[in-house]
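Novice: This is the structure I want to talk about, given as structure tokens.
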Amino acid sequence: MNQGKLDVVKGEMSRVNIDILRISELKWTGMGHFISDDYHILYCGQKNHRRNGVVIIVNKMVADSVLGYNPKNDRIISIRLLGKSINVTVIQVYAPTTGADDEEIENFYVSLQQLVDAIPKKDTIVIMGDWNAKVGSKSVTGITGNFGLGDRNEAGDKILEFCQNNSLFITNTCFQQPKRRFYTWTSPNGQYKNQINYILCSQRWRSSIQLAKTRPSADCGSDHELLIAKFQMKLKTTSKTARPTRYHLSNIPHKYAVKVKNRFDGLDLIDREPEELWSKVRDIIKDEANKNIPTPKRQRKQSG
């Protein structure tokens, strides 16, 4: 994706009022994030080859609530958002096609499951992406609604098994729409149409989903239709950087190092998200500094 296409995508996000957008097959190398106008772009691709690649784009409102992000690999990336009542982890995926070998497909689902297993248990999970799978029109209790399309294929069985194991449901099979609002992919010659993109969500959050459908008129520079879901979600702004405390760094007592080491030794490192672990380390350092390192006394300004 070049700058011109990125500008088109940002324009569509503004026009359609989209807060979070995912794109697959980005074909950028490396990983990272940057800001373009009021949008934050987080991406992950292969190290040296322009193949696969995933990106999440968020507007400024959502960016202010981002706790951290995890560029898992060139097919999986996630962000974690600070919610008012519960935090939300949003995952973007690009699954291998049905023509991929079994090992590649299995590796994708193993990596995705590892990421899901590391998410704090109380988080709501949203997984959106190109699954290259057809779940079909036959409903599965608790997982799909009555509005899937066509016949289920082997890849469809795979995603349903994943949903079953992780208490997820497929949002864009649950709302009655005109048929053209279900197709997510159209072949270049227009002859074939399929539903292979899905937005998954935690089953316990099902009542918060207000809508899920495609927007065929949206221009996102892809042969896939724009699939949108509307969530009733309240986010909080992450804390702004406070004025830093100044310490007498030339007068750090030995007990400070001892206290910090003791608390580090007691840290539970199992099933911790990187940003959660960093937050804990930061708090320990700040807390022990406030208790043990002297700070300069402020000089009062004399009047007159």
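Residue numbers are given in the numbering used here: position 142 of the sequence shown equals residue 1156, and the series is strictly consecutive. Beta carbons are placed, not taken as given, at the ideal position from N, Cα and C, and that holds for glycine. All values reported here derive from a predicted model rather than from experimental measurement.
Taking the alpha-carbon positions, what's the T1309 to A1303 distance?
Specialist: So the two alpha carbons sit approximately 9 Å from each other.
Novice: Mind pulling the beta strand (DSSP E) runs of 3 or more residues that sit fully within the region 1196-1228?
Specialist: Correct list: 1211-1216.
Novice: CB-CB under 6 Å to L1096, same chain, minus the five flanking residues each way: which ones, in chain order?
Specialist: Taken in chain order, the residues that qualify are S1079, L1081, K1250 and T1252.
Novice: Quick check on the DSSP output: what are the complete beta strand (DSSP E) runs of length 3 or more inside the region 1079-1127, in order along the chain?
Specialist: Taking only runs of at least 3 residues, the beta strand (DSSP E) segments lying wholly in the region 1079-1127 are 1080-1087, 1090-1095 and 1102-1108.
Novice: Could you compute how far the alpha carbon of G1318 sits from the alpha carbon of R1029?
Specialist: Residue placement at G1318 cannot be trusted, given a pLDDT of 44 that sits under 50; the coordinates are not used to answer.
Novice: DSSP beta-bridge partners for N1073?
Specialist: Answer is Y1053.
Novice: Thinking C-beta only, is N1211 closer than 7 Å to L1241?
Specialist: Contact flag set, yes.
Novice: Would you please state the rounded distance, in angstroms, between the beta carbons of K1193 and Q1224? I believe it to be under 8 Å.
Specialist: Contact flag wrong, Cβ pair sits at about 21 Å.
Novice: Buried or exposed for M1247, going by 16 or more other Cβ atoms inside 10 Å?
Specialist: When all chains shown are included, M1247 counts as buried.
Novice: At which residues does the beta strand (DSSP E) containing A1243 begin and terminate?
Specialist: Looking at the DSSP string, the run of the beta strand (DSSP E) that includes A1243 is L1240 to F1245.
Novice: Would you call P1202 buried or exposed, if buried means 16 or more other Cβ atoms sit within 10 Å of its Cβ?
Specialist: Answer is exposed; the Cβ neighbour count stays below 16.
Novice: For the region 1144-1177, list the beta strand (DSSP E) runs that are entirely contained and at least 3 residues long, ordered along the chain.
Specialist: Fully enclosed beta strand (DSSP E) runs of 3 or longer: not present.
Novice: Which residue spans inside the region 1015-1039 form an unbroken alpha helix (DSSP H) run of at least 4?
Specialist: If we require 4 residues or more, the alpha helix (DSSP H) runs fully inside the region 1015-1039 come out as 1017-1030.
Novice: Name, in chain order, the residues that DSSP records as bridge partners for T1138.
Specialist: Answer is V1102, bridged to T1138.
Novice: Count the other CB atoms within 10 Å of the CB of D1206; is the residue buried (16 or more) or exposed (fewer)?
Specialist: The sequence shown places Tyr at residue 1206, not Asp. Exposed, because fewer than 16 other Cβ atoms sit within 10 Å of the Cβ of Y1206.
Novice: Whole angstroms are fine: how far does the CA of D1137 sit from the CA of S1099?
Specialist: C-alpha separation (whole angstroms): 10 Å.
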